[in-house]
Structure formats: C-alpha cells, structure tokens
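With the numbering used here applied, the sequence shown covers 315 to 456.
A short worksheet on the structure shown next.
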Amino acid sequence: MEAIKTNKKKNYHQRLNSLPTLKFRKFQMNMDKTGVHILISANFLKKGNHSVRVQNGMLHLKIKRSTDLFGYANNTISQGVHDKDMDFKMCLPQKKYWHINSVRFQNGSLQIHLVDGYRGRAAIKYAEPSKISNFINSSVPY
C-alpha cells in the first residue's frame, strides 16, 4: 500500500515540475506621432483573460486566473503562484498618453495603442422611428 502512495507522490511531483514557467516572450513599447504602441507577448496570455486601464500615467494590466492552466486543474497545483490574478503596472514615458485607443489580442500577443486624447469620431446618427405599426397580428384565436 505504501508503494502505491509513494508512486502517486512521485508522479504528482513530476507533473508539478513539468509545468512550463510563466514568462514574457516579448515586451515592446514604441512612440510616434500617433501615440504609444505597446506589444506584449507571454505564454500565459489568452483571449479574454486580461483587462487594461490607464491611470495617472501608469498602465495597469490585470491577467485573470485561468480555471484550467496548461491542461491541469488548479486544485492539483500546490504552488501558490498560479492561484492569484497577476497585476502589472508599467510607467508610461509621457503622461499625456492617457487614453486607450485600441486593445487587440492577436496571434498570442496583446497590442495596446494609447493616444493623447479621445479621437473625434462621427456623432451617432439616430434613426427616425419606424413607420411600421407596433401591433402584432396573431392568427391564434383567444
């Protein structure tokens, strides 16, 4: 019986040690006339598990915990590293770029474009009310 328990422990430790490390593959920040372009590529970024906001010249990137990280359920991981959401704070080179123009997740990397002000978009044109009657004709007798 003890041989089975030790074998399970060995397999469990091998599985824990075989998890890939959480690391950034690429971080790039470029400035030009249109604003700041930030490219973040990491092996733990997935579509929909991140949120971005800018406050006081700092870019806050929050990456939510995955329920199924790298194919393993979270309750099998005894390390506390994977249990919490990850928060990253990055200082922006100039505080004037406070507005997020676009955030896209594409090909495993997160692309963020910051601008100095909201871009003037065309005003929303409201359509006129429909001339069609709002009454519904039913063929089912009451």
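Yeah, the Cβ is synthetic: ideal placement off N, Cα and C, and Gly gets one too.
The model shown is predicted, which means the values in this text are computed figures rather than measured ones.
The continuous beta strand (DSSP E) containing residue 346 extends over residues 338 to 346. For residue 376, the uninterrupted beta strand (DSSP E) segment begins and ends at 372 to 377. Look at residue 406 here: in three-state DSSP terms it is coil, with no helix or strand label.
With respect to the C-alpha of residue 357, the residue from 373, 338, 371 and 369 having the closest C-alpha is 338.
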